[in-house]
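S.K.: Let me give you the structure first, and then I'll get to my questions.
In mature numbering (1 follows the signal peptide of the UniProt record, and there is no 0), the protein residues as written are -19 to -1, 1 to 394.
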């Protein structure tokens, strides 16, 4: 089952880059030379300074190297501002649910909270919808018996939280975790065959999920372009032994280990590589990203989730009030679950590890808001994004995704 999920940081004013101009030269300049400027407006930070009478001072070879590096870091007019990047009139703001795109200037710390919600409804085999009655007469690919418990829908709530620290302008590190609740509705069919409905039931699980440790490296930047590399590890801190009570085909209610998709964690250590591109021109911004989640080995229950690969393309436009309206296309593909937990057993469709994974194409829209435009103090930041799939091809029968919405609230220190 493909579940995406959402990460953070935020804001430092562009004007502050110039507010310290006079103090950096040791105070106010004499009136006789008040017309001379120590830096041209909008010029790069490496622009040659002048003394109070307009004569450029001599610079050491070390200062020349440092000034050149500063120019490479910040471009002609771009400065890092929290989790966004300002370029003249434009502002790059990656979508709310996209980790790995946001970086802070050296020494800053950011706290992030990101709630996310998703809904699933109905079932698909490949790219076709299929009824519950038809699934109930289908043989289970693992047990050989017929599927007698069919999920009708599922809702999930995920509340992510984390902290990011900027080791340097080129390296940010973060730790993220989450608390999740999942709720599934199911229909049970009577006996071992046929399409007579016995009754409906539901089950829910909740708890803390897996933890991720990540590093974001900015390995290229100019006035209009940023490229980031992502390196991370997913650590199995979430439970893989959650239980639910299910109505069995013979009429009994039985407590059993919950299906794979209702567990809190994967149980495996996973590699989390990624690559992010950001671009801007005036009020327009755009970008693309590749992310993956690849398990190193099977967990203690002898299974692992299938490797997941995700590609994104997005564009944004800066609105009045320092808000960015964004549009994103997200494509995800995931392999089937490898192996099998012998304790996840029974006549239910989601108990089968073969019925996980597939492909999904989603369209999403969002809004990125700087806290100052809302009158909030400090360096706060808010973003929201929602969307739904336009194409799915699933290893089914499997529940079909219907919608998702996510937000991000962050504060930088």
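Glycine is no exception: its CB is placed at the ideal position from the N, C-alpha and C atoms.
Helix, strand or coil for residue 23, going by three-state DSSP, please let me know.
M.R.: Note on residue 23: pLDDT 37, under 50, position unreliable in the model; the coordinate value appears next. Three-state DSSP puts residue 23 in coil, outside helix and strand.
S.K.: CA-CA distance, residue 166 and residue 134?
M.R.: Going by the C-alpha atoms only, they are around 5 Å apart.
S.K.: Mapping the DSSP letters down to three states, classify residue 353 as helix, strand or coil.
M.R.: Of the three classes helix, strand and coil, the one that applies to residue 353 here is helix, per DSSP.
S.K.: Are the Cβ atoms of residue 278 and residue 252 separated by less than 9 Å?
M.R.: Contact flag unset, no.
S.K.: Which class does residue 113 belong to by DSSP, given the choice of helix, strand or coil?
M.R.: Helix at residue 113.
S.K.: What is the DSSP secondary structure of residue 373, reduced to helix, strand or coil?
M.R.: Reduced to three states, the DSSP call for residue 373 is strand.
S.K.: When DSSP labels each residue in this structure, what does residue 96 get in the three-state scheme?
M.R.: Reduced to three states, the DSSP call for residue 96 is strand.
S.K.: Checking 9 Å against the spacing of the C-beta atoms, do residue 375 and residue 106 come in under that value?
M.R.: Their beta carbons are under 9 Å apart, which means residue 375 touches residue 106 by this criterion.
S.K.: So, are the CB atoms of residue 239 and residue 325 less than 9 Å apart?
M.R.: Cβ atoms of residue 239 and residue 325: closer than 9 Å.
S.K.: Is the region 103 to 117 touching the region 166 to 181, taking contact as three or more C-beta pairs under 8 Å?
M.R.: At 8 Å Cβ cutoff, the stretches touch.
S.K.: Tell me the rounded alpha-carbon separation between residue 156 and residue 95.
M.R.: Rounded to the nearest angstrom, the two C-alpha atoms are 13 Å apart.
S.K.: Quick one: is residue 304 buried, meaning 16 or more other Cβ sit within 10 Å of its Cβ, or exposed?
M.R.: Buried.
S.K.: Would you check if the distance between the CB atom of residue 188 and the CB atom of residue 219 is smaller than 9 Å?
M.R.: Yes.
S.K.: Quick check: what's the CA-CA separation for residue 168 versus residue 246?
M.R.: Using only the alpha carbons, I get a separation of about 25 Å.
S.K.: Closest by CA to residue 267, which one among 208, 235, 318, 316?
M.R.: It is 208 whose Cα lies nearest to the Cα of residue 267.
S.K.: Indicate the three-state DSSP secondary structure (helix, strand or coil) for residue 382 in the structure shown.
M.R.: Reduced to three states, the DSSP call for residue 382 is strand.
S.K.: Is residue 334 helix, strand or coil by DSSP?
M.R.: It is helical.
S.K.: Can you tell me whether residue 324 is helix, strand or coil according to DSSP?
M.R.: Of the three classes helix, strand and coil, the one that applies to residue 324 here is coil, per DSSP.
S.K.: Pick from 226, 109, 154, 342: whose alpha carbon is nearest that of residue 291?
M.R.: Of the candidates 226, 109, 154, 342, the one whose C-alpha sits nearest the C-alpha of residue 291 is 342.
S.K.: Going by beta carbon distance, what residues of the same chain come within less than 6 Å of residue 212, once the five residues before and after it are set aside?
M.R.: Only 196 meet the Cβ criterion.
S.K.: Counting beta carbon pairs with one atom in the region 80 to 89 and one in the region 138 to 153, are three or more of them shorter than 8 Å?
M.R.: Yes, they touch.
S.K.: Can you confirm whether the region 333 to 348 touches the region 356 to 376 when touching is taken to mean that 3 or more C-beta pairs between the two stretches lie within less than 8 Å?
M.R.: Contact between the region 356 to 376 and the region 333 to 348 is present, because at least three Cβ pairs lie under 8 Å.
S.K.: Please state whether the Cβ-Cβ distance between residue 221 and residue 283 is less than 9 Å.
M.R.: Their beta carbons are not under 9 Å apart, which means residue 221 does not touch residue 283 by this criterion.
S.K.: Do residue 259 and residue 271 have their C-beta atoms closer together than 9 Å?
M.R.: Not in contact: residue 259 and residue 271 (Cβ atoms no closer than 9 Å).
S.K.: Is it buried or exposed for residue 235, if we count other Cβ within 10 angstroms and need 16 for buried?
M.R.: Answer is exposed; the Cβ neighbour count stays below 16.
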